[in-house]
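Enquirer: Letter by letter, the sequence shown follows residues 1 to 477 of full-length UniProt numbering.
Ideal Cβ placement from N, Cα and C applies to all residues, glycine included.
Fair warning: this is a prediction, and the values are worked out from it, not measured in the lab.
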Amino acid sequence: MSQRILVLGASGYIGQHLVRALSQQGHRVLATARRTDRLRKLGLANVSCHSLDLNGPERLPALLAGVDTVYYLVHGMGEGGDFIAHERQVALNVRDALRQVPVSELIFLSSLQAPAHQRSDHLRARQLTAETLREAGVPVTELRAGIIVGAGSAAFEVMRDMVYNLPVLTPPRWVRSRTTPIALENLLHYLVALLDHPATGHRIFEAAGPQILSYQQQFERFMAVSGKRRPLIPLPLPTRWISAWFLSVITSVPPSTAKALIQGLKHDLLADDAGLRALIPQPLITFDDAVRRTLKDEERLAHSSDWGYDAQAFARWRPEYGYFAKQAGYTVRTSASPRALWRVINRLGGREGYFFGNVLWKTRAAMDRLVGHRLAKGRPAGELLQVGDAVDSWKVIVVEPEKQLTLLFGMKAPGLGRLSFTLEDKGSYRQLDVRAWWHPHGMPGLFYWLLMIPAHLFIFRGMARRIAALAEQRTEE
């Protein structure tokens with residue numbers, strides 16, 4: 001039977017897949033997140049997207065009106081700082097809203113738990129969230145899972161990036177810890193099928209794949225499936241020695257997320273899924289098959305709204321490019337009008353050049369010419385850029401007037417990149433973000449990115465400030 005469902009945290013990789021699955025089942029879905037642009041562009045049937053920041057959830061009670069089931073997919077690993085306090089506060093806000101407007105059930109996707117004295121901050125935060133949500137006065141189904149094998153899963157992407165980007169794998173001693181990895185497809189089936197088995201009280205299920213594997217075995221199986229052979233030499237180093245800096249270099253997973261995740265891998269995390277399998281039987285996908293499916297899914301990542309569904313970007317995509325991109329940029333607040341900002345941004349490549357550090361841009365172009373890579377020059381004569389236009393070596397791939405302009409990187413480098421100018425109207429001010437996104441091609445791509453980081457941080461800050469200043473002048477005029 002069709003339900004009215006509210007998904008909290010719908011913009012995450014699990015959330016996007018779950019919203020699509022619920023839509024296909026004919027449910028009416030309210031998808032909420034701080035940013036819902038990508039979800040909106042999917043145009044899913046029976047799905048309405050709502051911007052919602054759970055740190056200030058004044059709008060949440062109104063969204064809960066008439067809802068049957070809430071999915072809670074929110075986590076604070078990517079927040080940095082004291083994410084335990086952040087997760088607790090968000091859970092308290094949702095609890096209070098549910099006390100005002102109760103629903104039939106809340107389904108919370110959580111993590112497998114180690115013994116209390118062995119829990120990392122991430123695992124403690126998940127447990128604290130569950131306890132807080134159970135105070136809301138509505139039945140809570142807590143579904144605990146360990147490693148999820150799917151495109152966008154932080155645990156999977158860390159493994160994938162290490163294998164593709166390092167010539168030798170030297171993980172610390174946690175590589176011998178065991179877990180029960182589950183395929184994303186199996187997890188989604190459990191999440192959706194729980195709607196057919198409503199809860200009358202609080203309950204906890206654990207989800208697992210068909211195998212118990214150590215992280216070393218997962219690395220070895222991943223290498224066998226992907227064809228990337230790497231020496232794997234575990235080092236007897238404590239987990240805390242894995243610094244955020246090292247993770248930010250090797251993997252494109254957000255450093256705070258990767259660090260919080262890895263610190264939860266020190267001990268065995270084994271699921272007892274007998275109760276869940278009895279309630280919702282399904283064929284379980286092996287780790288090897290799950291990896292094959294995930295790598296196949298990642299081959300299509302460039303065919304998305306992020307890349308403007310551009311055929312050239314899709315043709316240049318490589319298996320080595322993962323779900324997450326390296327990124328560097330700068331965000332500035334300005335009093336300029338959206339129209340003025342948009343007009344200035346569209347002057348890119350003209351008399352203003354690149355607004356800041358034009359000597360550095362010319363130096364980078366000269367490096368291409370030295371290796372025999374010929375670059376186009378100039379830009380269209382029109383005032384506003386259109387999809388398909390060339391601006392020097394860049395190609396315009398996304399144009400959303402007064403919202404976003406994105407260009408495809410065309411210089412010679414080991415990877416695939418884009419440059420985005422994003423505008424947000426915040427009412428009393430506008431926010432301009434200038435940001436480069438980079439998918440490195442193995443170790444050479446990582447070295448290139450590290451080499452360019454100082455210039456990127458300097459240039460993008462200057463670009464954002466210069467654009468804002470020019471737009472403010474235009475607004476005043």
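Indicate whether the contact test is met: 3 or more Cβ pairs, each with one atom in the stretch 176-187 and one in the stretch 330-344, closer than 8 angstroms.
Expert: No, the stretch 176-187 does not touch the stretch 330-344.
Enquirer: Pull up the distance between the alpha-carbon of MET411 and that of ALA224, whole angstroms please.
Expert: As a working mapping, residue 411 is identified with position 411 in the sequence shown. As a working mapping, residue 224 is identified with position 224 in the sequence shown. Cα-Cα distance, rounded: 33 angstroms.
Enquirer: Would a check of beta-carbon distances place GLN473 closer than 7 angstroms to chain B?
Expert: Absent from the structure: chain B. Only one protein chain is present.
Enquirer: Whose C-alpha, out of ARG374, PRO181, LEU169, is nearest the C-alpha of LEU213?
Expert: Indexing the sequence shown from 1 puts residue 213 at position 213. Looking at the Cα atoms, PRO181 is the closest of the given residues.
Enquirer: Tell me TRP394's beta-bridge partners as DSSP assigns them.
Expert: In the sequence shown, counting from the first residue as 1, residue 394 sits at position 394. According to DSSP, which records beta bridges pairwise, TRP394 is partnered with VAL391.
Enquirer: Just checking my contact of ARG40 with ASP53 at CB under 8 angstroms: how many whole Å lie between their CB atoms?
Expert: The residue given as residue 40 occupies position 40 in the sequence shown. The residue given as residue 53 occupies position 53 in the sequence shown. ARG40 to ASP53, Cβ: 17 angstroms. No contact.
Enquirer: Going along the chain, which unbroken runs of the beta strand (DSSP E) with 3 or more residues stay wholly within the stretch 146-228?
Expert: Correct list: 203-207.
Enquirer: Are there 16 or more other CB atoms within 10 angstroms of the CB of MET367, so buried, or fewer, so exposed?
Expert: Indexing the sequence shown from 1 puts residue 367 at position 367. By the neighbour-count rule (16 or more Cβ atoms within 10 Å), MET367 is not buried but exposed.
Enquirer: Measure the alpha-carbon distance for GLN16 versus SER23 and round it to whole angstroms.
Expert: Indexing the sequence shown from 1 puts residue 16 at position 16. Indexing the sequence shown from 1 puts residue 23 at position 23. Taking the straight line from one Cα to the other gives about 11 angstroms.
Enquirer: Check this for me: beta carbons of PHE356 and ARG435, under 7 angstroms apart or not?
Expert: Within the sequence shown, the letter at position 356 stands for residue 356. Within the sequence shown, the letter at position 435 stands for residue 435. It is not a contact, given that the beta carbons lie outside the stated cut-off.
Enquirer: Who pairs with HIS27 in a beta bridge, going by DSSP?
Expert: Taking the first residue of the sequence shown as 1, we reach residue 27 at position 27. HIS27 pairs with nothing; no bridge assigned.
Enquirer: For the alpha helix (DSSP H) containing GLY275, list its first residue and its last residue.
Expert: Position 275 of the sequence shown, counted from the start, is the residue given in the question as residue 275. Start and end: 274-279.
Enquirer: Closest by CA to PHE458, which one among VAL359, THR294, PHE287, TRP394?
Expert: For this step, residue 458 is matched to residue 458 along the sequence shown. Comparing Cα positions, the closest option is VAL359.
Enquirer: Would you list the residues sitting across from ILE5 in a DSSP beta bridge?
Expert: As a working mapping, residue 5 is identified with position 5 in the sequence shown. Paired residue(s): VAL29, THR69.
Enquirer: Quick one: using the 10 Å Cβ neighbour count with 16 as the cut-off for buried, is SER111 buried or exposed?
Expert: For the purposes of this step, residue 111 is taken as the residue at position 111 of the sequence shown. That one is buried.
Enquirer: What are the boundary residues of the beta strand (DSSP E) that LYS326 is part of?
Expert: Working through the sequence shown from its first residue, we reach residue 326 at position 326. 326-334 is the span of the beta strand (DSSP E), which, as asked, contains LYS326.
Enquirer: Would you identify the three-state DSSP class for THR286, choosing helix, strand or coil?
Expert: What you label residue 286 is simply residue 286 of the sequence shown in a count that begins at 1. It is coil, neither helix nor strand.
Enquirer: Under the three-state reduction of DSSP, which class applies to GLY410: helix, strand or coil?
Expert: Walking along the sequence shown from the start, residue 410 turns up at place 410. It is coil, neither helix nor strand.
Enquirer: Mapping the DSSP letters down to three states, classify GLN431 as helix, strand or coil.
Expert: One-based indexing of the sequence shown puts residue 431 at position 431. It is a strand residue.
Enquirer: Exposed or buried, which one is ARG126 when buried takes at least 16 other CB atoms within 10 Å?
Expert: Numbered from its first residue, the sequence shown carries residue 126 at position 126. With 16 or more Cβ atoms within 10 Å of its Cβ, ARG126 is classed as buried.
Enquirer: Based on the DSSP output, what are the partners of SER51 in its beta bridges?
Expert: As a working note, residue 51 is residue 51 in the sequence shown. Looking at the DSSP assignment, SER51 forms a beta bridge with ALA33.
Enquirer: Give the DSSP-derived three-state secondary structure of ALA260 in the structure shown.
Expert: The residue given as residue 260 occupies position 260 in the sequence shown. DSSP places ALA260 in helix when its eight states are reduced to three.
Enquirer: Among residues of its own chain, excluding the 5 on either side of TYR13, which ones have a beta-carbon nearer than 6 angstroms to its beta-carbon?
Expert: Indexing the sequence shown from 1 puts residue 13 at position 13. Closer than 6 angstroms at Cβ, skipping near neighbours: GLY152.
Enquirer: Under 6 angstroms Cβ to Cβ from ASN93, same chain only, skipping five residues before and after it: list those, please.
Expert: What you label residue 93 is simply residue 93 of the sequence shown in a count that begins at 1. Same-chain partners within the cutoff: LEU54, PRO57.
Enquirer: Measuring alpha carbon to alpha carbon, tell me which of GLU299, ARG474, GLN211 ends up nearest LEU270.
Expert: Working through the sequence shown from its first residue, we reach residue 270 at position 270. Closest option to LEU270, Cα to Cα, is GLN211.
Enquirer: My output table needs one value for PRO440: the three-state DSSP class, helix, strand or coil.
Expert: Within the sequence shown, numbered from 1, the residue matching residue 440 stands at position 440. If DSSP states are grouped into helix, strand and coil, PRO440 belongs with the strands.
Enquirer: If you pair each beta-carbon of the stretch 160-174 with each one of the stretch 246-257, do three or more pairs fall below 8 angstroms?
Expert: The stretch 160-174, when compared against the stretch 246-257, does touch it at the 8 angstroms Cβ threshold.
Enquirer: In the DSSP assignment, find the alpha helix (DSSP H) that holds ARG95 and state where it starts and stops.
Expert: Taking the sequence shown and counting its residues from 1, one reaches residue 95 at position 95. It spans 83-100 - the alpha helix (DSSP H) in which ARG95 sits, taken as one unbroken run.
Enquirer: Go ahead and label residue 480 buried or exposed: buried means 16 or more other beta carbons lie within 10 angstroms of its beta carbon, across all protein chains shown.
Expert: Outside the displayed range of the chain (1 to 477) lies residue 480, so it cannot be described from this structure.
Enquirer: Pair every Cβ in the stretch 119-138 with every Cβ in the stretch 97-106, then say whether three or more of these pairs are closer than 8 angstroms.
Expert: Flag = yes, the stretch 119-138 and the stretch 97-106 touch.
Enquirer: Please report the Cβ distance between ILE397 and TRP307, rounded to the nearest whole angstrom; I am assuming they are in contact, meaning their Cβ atoms lie under 8 angstroms.
Expert: What you label residue 397 is simply residue 397 of the sequence shown in a count that begins at 1. What you label residue 307 is simply residue 307 of the sequence shown in a count that begins at 1. Yes, they are in contact, since the Cβ atoms of ILE397 and TRP307 sit about 6 angstroms apart, within 8 angstroms.
Enquirer: What does the Cβ neighbour count give for TYR429, buried or exposed, with the cut at 16 atoms within 10 Å?
Expert: Residue mapping note: residue 429 aligns to position 429 of the sequence shown, counting from 1. Classification for TYR429: exposed.
Enquirer: Go ahead and pull the three-state DSSP assignment for LEU423.
Expert: The count along the sequence shown starts at 1 and reaches residue 423 at position 423. Here LEU423 sits in strand by DSSP.
Enquirer: Determine the contact status of ALA199 and THR334, defining contact as a CB-CB distance below 7 angstroms.
Expert: What you label residue 199 is simply residue 199 of the sequence shown in a count that begins at 1. What you label residue 334 is simply residue 334 of the sequence shown in a count that begins at 1. The answer is no: Cβ separation not under 7 angstroms.
Enquirer: Quickly, what does DSSP pair SER11 with across the bridge? List them, please.
Expert: Against the sequence shown, residue 11 aligns to sequence position 11. DSSP lists no partner for SER11.
Enquirer: Give the C-beta separation of LEU109 and LEU73 to the nearest angstrom, bearing in mind that I take them to be a contact with Cβ-Cβ under 8 angstroms.
Expert: Against the sequence shown, residue 109 aligns to sequence position 109. Against the sequence shown, residue 73 aligns to sequence position 73. That pair is a contact at about 5 angstroms.
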